[in-house]
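Quick note on full-length UniProt numbering: the sequence shown kicks off at 1 and runs consecutively.
For each residue, glycine too, the CB sits at the ideal point set by N, CA and C.
All remarks here apply to the structure that follows.
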Amino acid sequence: MGIALALALLGWPGIVQGQGHMAFGIGPAKADPDNPETFAYFVHALSPGSTVADEARVQNGSDVPIVLKMYAADAQTSIGGGPGFAHEGQELNGGRHWISLSVAEISLGPGEERIVPFTIDVPPDASPGEHTTGLVVEGAPSEEIP
1 MGIALALALL GWPGIVQGQG HMAFGIGPAK ADPDNPETFA YFVHALSPGS TVADEARVQN
61 GSDVPIVLKM YAADAQTSIG GGPGFAHEGQ ELNGGRHWIS LSVAEISLGP GEERIVPFTI
121 DVPPDASPGE HTTGLVVEGA PSEEIP
């Protein structure tokens, strides 16, 4: 019985306390040169009950410090064929429960990048097939003046 886990990446821009738009990104910290898909996605072929460790690279492309919130989100196929992500805490397929991030929030200085470790724990009773989940980074809430 095989399980294919595809972790898609999503970054949502926000506003840094009225100073302008944040520019940030997330991607795999390492990729397999023989699999071009791994430059943009985390792709793992896993068995029920298995655990794997991986790392995401989070980058601040702006010239101001930023604080980002990170979480795993359930995903499903959207109308256009790509992944559609649930809102934080929204249940779609339960795959988000397989992901444990080492941090829930990350502060980055201008131009800084950081490696964020995470683990994938596949339940022993996981059904075979593809399970798509997303790693999401978004601007953390701030005390902006409307």
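For my contact list, residue i and residue j are in at a C-beta cut-off of 8 Å; report their separation, rounded to the angstrom.
i           : j           : result
residue 118 : residue 99  : 6 Å
residue 68  : residue 58  : 7 Å
residue 95  : residue 133 : 4 Å
Buried or exposed for residue i, please, with buried defined as at least 16 other CB atoms from any protein chain shown within 10 angstroms of its CB.
i           : result
residue 74  : buried
residue 33  : exposed
residue 126 : buried
residue 115 : exposed
residue 124 : exposed
Which residues mark the beginning and the end of the beta strand (DSSP E) in which residue i is found?
i          : result
residue 25 : 24-28
residue 44 : 42-46
Who does residue i pair with in a DSSP beta bridge?
i           : result
residue 154 : With the chain covering only 1 through 146, there is no way to say anything about residue 154.
residue 75  : 85
residue 67  : 107
residue 112 : Answer is none; residue 112 lacks a bridge partner.
According to DSSP, is residue i part of a helix, a strand, or is it coil?
i           : result
residue 37  : helix
residue 139 : strand
residue 134 : strand
The ligand NAD heavy atoms versus the CB of residue i: any closer than 6 Å?
i          : result
residue 63 : Judged by which ligands are present, the structure shown has none, so any question about the ligand NAD falls away.
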